[in-house]
Amino acid sequence: MGDWMTVTDPGLSSENKTLSQHTSETKMSPSSLYSQQVLCSSIPLSKNVHSFFSAFCTEDNIEQSISYLDQELTTFGFPSLYEESKGKETKRELNIIAVLNCMNELLVLQRKNLLAQENVETQNLKLGSDMDHLQSCYSKLKEQLETSRREMIGLQERDRQLQCKNRNLHQLLKNEKDEVQKLQNIIASRATQYNHDMKRKEREYNKLKERLHQLVMNKKDKKIAMDILNYVGRADGKRGSWRTGKTEARNEDEMYKILLNDYEYRQKQILMENAELKKVLQQMKKEMISLLSPQKKKPRERVDDSTGTVISDVEEDAGELSRESIWDLSCETVREQLTNSIRKQWRILKSHVEKLDNQVSKVHLEGFNDEDVISRQDHEQETEKLELEIQQCKEMIKTQQQLLQQQLATACDDDTTSLLRDCYLLEEKERLKEEWSLFKEQKKNFERERRSFTEAAIRLGLERKAFEEERASWLKQQFLNMTTFDHQNSENVKLFSAFSGIQSMY
Amino acid sequence: MNFSEVFKLSGLLCKFSPDGKYLASCVQYRLVVRDVNTLQIVQLYTCLDQIQHIEWSADSLFILCAMYKRGLVQVWSLEQPEWHCKIDEGSAGLVASCWSPDGRHILNTTEFHLRITVWSLCTKSVSYIKYPKACLQGTTFTRDGRYMALAERRDCKDYVSIFVCSDWQLLRHFDTDTQDLTGIEWAPNGCVLAVWDTCLEYKILLYSLDGRLLSAYSAYEWSLGIKSVAWSPSSQFLAVGSYDGKVRILNHVTWKMITEFEHPAAINNPKIVVYKEAEKSPQLGLGCLSFPPPRAGAGPLPTSESKYEIASVPVSLQTLKPVTDRANPKIGVGMLAFSPDSYFLATRNDNVPNAVWVWDIQKLRLFAVLEQLSPVRAFQWDPQQPRLAICTGGSRVYLWSPAGCLSVQVPGEGDFAVLSLCWHLSGDSMALLSKDHFCLCFLETEAAVGTACRQLSGHT
């Protein structure tokens with residue numbers, strides 16, 4: 001948004017209005033035209049006045065322009081410029097009064113619009129200045145915010161530091177309090193001990209006082225004496241001797257002799273220990289030298305400065321060894337030499353071991369495909385596998401041991417009889433199995449036989465029944481043949497009933 | 001293991017003779033001397049009053065019986081039963097009595113520690129030593145019996161006097177830089193004297209035979225200090241047990257601490273073997289349930305057996321919270337003993353009273369811990385080999401050796417509460433003392449005991 005330049009030239013007031021009027025009609029966007037008009041200077045406006053005048057209405061198109069104007073005005077809500085038409089197709093006459101009224105209206109409108117424009121422009125200006133003001137305020141506030149944020153961070157930092165310090169001081173205070181408590185406890189225990197001792201002493205003192213009192217009061221004094229049957233000889237059989245200056249001197253001598261003996265003994269022990277330790281050190285040194293010396297035979301590319309020093313050291317140490325054996329280990333210089341040479345050898349050994357470590361790691365990095373060298377991963381895998389196997393084997397052994405122990409625990413006193421019993425049981429079991437199978441077979445057989453028997457019984461029953469029926473019929477026939485009718489009837493009936501009974505029995 | 005029958009005893013007074021042939025025991029006012037192998041009564045002596053202390057002379061020929069209430073000491077001879085000797089301290093009173101190393105002098109400490117009277121059995125001479133100190137261990141003799149060190153106190157200062165025992169001549173007399181001396185002890189080699197201060201001040205001083213101060217050692221200030229001290233039999237180490245529950249070992253070359261042993265209540269190292277005593281559940285048949293049920297707190301059931309179980313690490317031991325406002329609190333290392341070959345050190349921390357710690361001196365670390373069911377009353381090493389006998393006041397005696405440990409019930413009707421024990425000098429037998437009785441326990445040879453250990457504890 002740029003600054004709106006309002007050009008309000010009072011001299012152009014009426015011309016502007018008419019010009020704007022025209023321009024509002026020719027162009028369809030009055031607002032943009034207004035802006036254009038505002039941006040343009042006044043001088044070109046005056047140049048355009050005439051062109052605009054002649055552009056719209058000429059002597060030729062009066063009627064058209066009037067009708068056009070009438071149309072426009074009516075669309076804007078103004079009354080028509082024509083007179084009221086009497087007839088439909090008669091030519092309309094221009095209503096001058098309407099035209100003047102319309103012109104007046106338009107002028108009024110124009111004035112109003114200009115006023116409005118001025119207002120809007122002032123408002124615009126005001127808004128612009130407000131905006132500036134707000135922007136400046138905003139930037140100031142932003143700066144303030146930044147500074148206050150920084151301040152806050154600084155204060156937070158200080159707060160944290162102070163809290164830290166506070167915590168430390170608390171800790172110190174706690175420590176001091178603990179120490180004070182401890183000291184108080186110590187003081188308390190010392191106090192009780194003192195009191196206890198004091199009381200004891202006081203009790204003894206009282207007893208002493210009582211005894212003294214007793215002794216003072218007591219007239220009879222119990223004799224302090226020894227009553228012995230006969231004096232015993234001394235343990236070593238010698239006679240007792242008087243205490244003289246000589247005996248004192250003798251005692252002193254003996255005492256010093258004892259002390260000296262003890263010191264000599266201890267010194268001997270320490271010397272022996274020293275000798276042993278020196279031997280051990282020398283052995284260590286020899287072994288270290290022997291470990292390091294084979295390097296001389298290695299290929300030339302591996303020879304470093306250290307091996308060179310090793311060789312020289314070996315020669316030196318060989319000389320030293322001979323020297324040491326000559327002096328026999330009691331000289332201070334020899335002792336120092338020994339420890340120095342040991343230290344040197346140790347350093348060389350250490351560097352050698354470090355070198356080997358580096359070489360190994362280098363080999364690993366370069367992917368050295370020597371057949372003798374197994375890659376570390378494979379090696380580790382193998383070791384892991386082996387470890388797993390070992391663990392499994394151990395677990396197996398453990399479980400087996402447990403089972404064995406359980407068995408042993410549940411076993412009774414006589415292991416042999418239990419074992420034997422087991423043997424018997426096995427035999428019995430086998431026997432039982434055989435018998436069982438036999439029994440099953442027999443059972444099957446029995447079942448079969450029983451079935452056949454039942455069938456036979458059924459058949460037998462049926463046969464019997466048939467036989468009985470035959471018999472009954474035969475007997476009936478017999479009786480019928482033998483006896484009279486009456487007799488037969490009654491007897492028949494009886495017999496019949498008897499036979500039927502017999503029949504029914506079967 | 002065989003147990004002899006039970007004999008009467010009073011006052012826990014039962015001592016083997018130094019030559020190992022006889023055993024002297026007291027029953028009220030009678031002194032009974034028995035043969036060690038057959039336990040037949042060899043001699044029987046009657047004293048004038050109840051005996052409070054007996055002691056064999058170093059050559060095993062004489063026994064002294066001290067009766068403190070009457071102020072009397074009676075000496076009896078084994079060779080000549082009709083020989084008698086009576087020493088009457090009269091109005092001076094008697095507090096302690098002991099032999100001199102030559103077996104011919106008796107040192108009596110009169111009441112209130114006024115003086116020490118040296119009575120001679122050979123001559124009529126009597127010597128007096130003034131201002132002896134009234135402390136726990138005021139007199140100490142060297143192992144070879146040549147010298148005696150005596151703690152004295154004059155004008156509120158402590159002194160030590162060294163006497164030559166053969167003629168009681170004063171060899172050296174020097175003051176010690178202690179507040180209140182509590183004990184002195186010669187090293188087994190007789191050349192160094194350890195002098196330590198009261199428990200309020202941790203200080204132990206080492207003097208040479210000729211009275212020079214060799215070294216002073218103090219571990220810490222202000223807290224309660226030394227509770228117990230023990231020399232190793234080889235004189236190489238001096239173990240100092242203190243109230244802070246630690247044992248500090250000083251070496252004989254520099255007299256500086258080489259290590260300190262802690263006694264924590266929780267043991268985490270899996271290399272340490274922890275033996276826990278456990279009651280074996282008594283095998284009851286049907287209908288054999290004890291009725292009425294045993295009273296709670298009646299002590300361990302007299303007839304129950306116990307065995308050792310190996311507890312798996314980590315183990316936590318029973319501790320006792322000491323009463324803080326009493327003097328001589330039950331904390332700290334109160335009992336210390338070296339094995340005869342100096343390889344092991346047995347200790348007891350008083351606030352873990354049921355446990356005995358055994359330390360390996362060669363490696364300077366904890367070797368084994370034994371936790372009993374009741375507080376440990378006493379333990380003593382076998383004089384010949386590294387074998388430790390422990391008693392807790394119950395009717396069992398416990399044996400530990402590097403091969404294993406063993407809990408043995410003392411047979412007999414009723415309960416025999418073993419309050420104390422003492423080994424015979426050959427290590428073949430042991431006397432177990434209770435309040436009213438004692439019995440002898442004969443141990444088999446080493447091999448047998450070893451197998452017995454393995455069987456009973458189930459541990460190799």
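In the order they appear, the protein sequences are chains A and B. Read in order, the letters of the first sequence are residues 1 to 506 in UniProt numbering. Read in order, the letters of the second sequence are residues 1 to 460 in UniProt numbering. All C-beta atoms, glycine included, are put in the ideal place defined by N, C-alpha and C. All figures in this text were calculated on a predicted structure; none of them were measured in a lab.
DSSP-derived helix/strand/coil call for residue i
i             : result
residue 461/B : Within the shown structure, residues of chain B are numbered from 1 to 460, placing residue 461/B beyond reach of any answer.
M1/B          : coil
F78/A         : coil
L206/B        : strand
F56/A         : helix
C393/A        : helix
D378/A        : helix
F453/A        : helix
K69/B         : coil
T110/B        : coil
G90/B         : helix
G11/B         : coil
T178/B        : coil
Q43/B         : strand
F438/B        : strand
K64/A         : Strictly speaking, residue 64/A in this sequence is Gln, with Lys absent from that position. Three-state result, Q64/A: helix.
D70/A         : helix
F467/A        : helix
Where the beta strand (DSSP E) containing residue i begins and where it ends
i      : result
S120/B : 115 to 120
Y263/A : Run containing Y263/A: none in the beta strand (DSSP E); it sits in the alpha helix (DSSP H), 245 to 292.
Q196/B : Inspection of the sequence shows that residue 196/B is occupied by Trp rather than by Gln. That run of the beta strand (DSSP E) goes 192 to 197.
N349/B : 344 to 349
E260/B : 257 to 262
E152/B : 147 to 154
I226/B : 226 to 231
Whether residue i touches residue j by CB criterion (9 Å)
i             : j      : result
I226/B        : T182/B : yes
N328/B        : Q184/A : no
S91/B         : K222/A : yes
S77/B         : S17/B  : no
L171/B        : M284/A : no
F442/B        : F3/B   : yes
C102/A        : F78/A  : yes
Q372/B        : T347/B : no
N354/B        : V376/B : yes
V160/B        : Y207/B : yes
D180/B        : D155/B : no
residue 465/B : L94/B  : The displayed coordinates of chain B run from 1 to 460. Any statement about residue 465/B would go beyond what the structure contains.
V333/B        : I267/B : no
L72/B         : I54/B  : no
C85/B         : I187/A : no
F141/B        : A149/B : yes
Rounded separation between residue i and residue j - CA only
i             : j      : result
L19/A         : N104/A : Per-residue confidence for L19/A stands at a pLDDT of 49, beneath the threshold of 50, marking its modelled position as unreliable; the derived number appears in the next sentence. Computed Cα separation, rounded: 15 Å.
Q74/B         : G103/B : 14 Å
residue 507/A : R266/A : Residue 507/A cannot be examined here, being either before or after the span of chain A that is shown, 1 to 506.
S25/B         : L31/B  : 6 Å
Y243/B        : Y220/B : 11 Å
W119/B        : N108/B : 8 Å
Q123/A        : R111/A : 18 Å
Closer than 9 Å to chain C by CB, residue i
i      : result
R146/B : As a matter of chain content, chain C is missing from the structure shown, whose protein chains are A and B.
Segment limits, alpha helix (DSSP H) that includes residue i
i      : result
Y138/A : 96 to 217
E332/A : 332 to 366
Inset, instruction - Quick one: which residues of the region 75 to 103 of chain B get their C-beta closer than 7 Å to a C-beta of chain A? List them in chain order. - result: Residues of the region 75 to 103 of chain B with a C-beta atom less than 7 Å from some C-beta of chain A are W83, H84, C85, K86, I87, D88, E89, G90, S91, A92, D102, G103, listed in chain order.
Legend entry - Contact list for the region 180 to 194 of chain B against chain A, Cβ threshold 9 Å: Per Cβ criterion, the list reads D180, N189, G190, C191, V192.
Legend entry - chain A contacts made by the region 220 to 240 of chain B, where a contact means CB separation under 7 Å: So the close ones are W222, S223, L224.
Inset, instruction - Could you please tell me which residues of the region 112 to 131 of chain B, in chain order, have their CB closer than 7 Å to any CB of chain A? - result: Flagged, chain order: F112, W119, L121, C122, T123.
Legend entry - Interfacial residues, the region 139 to 171 of chain B to chain A, with Cβ spacing under 7 Å: Listed by position along the chain: V164, D167, Q169, L171.
Legend entry - Against chain A: residues of the region 317 to 330 of chain B by CB proximity under 8 Å: Along the region 317 to 330 of chain B, the positions whose C-beta sits under 8 Å from a C-beta of chain A are T324, D325, R326, A327, N328, P329, read in chain order.
Inset, instruction - Can you give me, in chain order, the residues of the region 206 to 218 of chain B that have a beta carbon less than 7 Å from any beta carbon in chain A? - result: Only those residues of the region 206 to 218 of chain B whose C-beta falls short of 7 Å from the nearest C-beta of chain A are listed: S208, L209, D210.
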